[in-house]
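If you count the sequence shown from 1, you need to add 7 to reach the working numbering.
Idealized CB from N, CA, C, for every residue including glycine.
Accompanying notes for the structure given below.
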Amino acid sequence: MASSMSGMFSGQQPPAALPVGGPGGPGQPGFPSSATRAQGNNTLVDELEASFEACFASLVSQDYVNGTDQEEIRTGVDQCIQKFLDVARQTECFFLQKRLQLSVQKPEQVVKEDVSELRNELQRKELLVQKHLSKLHHWQQVLEDVSVQHRKPSDLPPPGPLAFLEQASASLPPAPPKQN
Numbered sequence: 008m009a010s011s012m013s014g015m016f017s018g019q020q021p022p023a024a025l026p027v028g029g030p031g032g033p034g035q036p037g038f039p040s041s042a043t044r045a046q047g048n049n050t051l052v053d054e055l056e057a058s059f060e061a062c063f064a065s066l067v068s069q070d071y072v073n074g075t076d077q078e079e080i081r082t083g084v085d086q087c088i089q090k091f092l093d094v095a096r097q098t099e100c101f102f103l104q105k106r107l108q109l110s111v112q113k114p115e116q117v118v119k120e121d122v123s124e125l126r127n128e129l130q131r132k133e134l135l136v137q138k139h140l141s142k143l144h145h146w147q148q149v150l151e152d153v154s155v156q157h158r159k160p161s162d163l164p165p166p167g168p169l170a171f172l173e174q175a176s177a178s179l180p181p182a183p184p185k186q187n
């Protein structure tokens with residue numbers, strides 16, 4: 008697998024040098040650095056890192072904090088973010104291509120990974136079911152305890168001096184409704 012990823016790390020065509028400070032290049036106001044990366048061994052990872060650094064630098068740049076032209080600031084930040092997103096998409100495509108190559112060359116490896124993922128998911132779900140079952144047993148016990156207490160009120164100590172009268176009146180049949 009490491010040899011199949013060599014295109015990302017060494018054999019790629021080097022893109023144009025990326026300014027670390029931002030996409031505007033040297034001399035553009037609002038970017039802290041006009042230094043460029045060494046051209047020649049740039050890879051997608053280097054590009055991604057540089058574009059992220061440019062995004063971050065553009066957001067924390069002192070020129071942006073004290074800037075007066077909000078439209079220029081917004082445009083510069085938008086350009087940095089767009090460059091980062093483009094390189095991120097390229098990086099994602101690279102890994103998807105490598106994944107496709109792996110699935111064609113070694114389909115059993117993909118099946119092994121799928122089986123492993125399914126086992127992990129099954130284990131996670133079994134733990135979740137056990138957790139819910141323990142909660143269910145707990146609440147069933149609570150309900151059983153409550154229902155037992157309501158069935159045997161004579162076992163409980165009387166709550167006040169009139170408890171005996173309240174219990175006796177509860178066992179009497181209801182009074183007939185008054186007629187007007």
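Short Cβ contact (9 Å threshold) for residue i with residue j
i	j	result
Ser68	Val94	no
Cys62	Lys90	yes
Glu54	Gln97	yes
Ser110	Cys87	no
Run of the alpha helix (DSSP H) containing residue i, from where it starts to where it stops
i	result
Thr98	Gln77 to Gln112
Ser58	Leu51 to Val67
Contacts around residue i, its chain only, beta-carbon distance under 8 Å, and the 5 residues preceding and following it disregarded
i	result
Ala9	Note on Ala9: pLDDT 44, under 50, position unreliable in the model; no value is reported.
Val118	none
Val149	none
Gln130	none
Residues of its chain near residue i, where Cβ-Cβ distance is below 6 Å and the 5 sequence neighbours each way are ignored
i	result
Gln35	Only weak support is given to the placement of Gln35: the predicted model assigns it a pLDDT of 38, under 50, and the question is left unresolved by the model.
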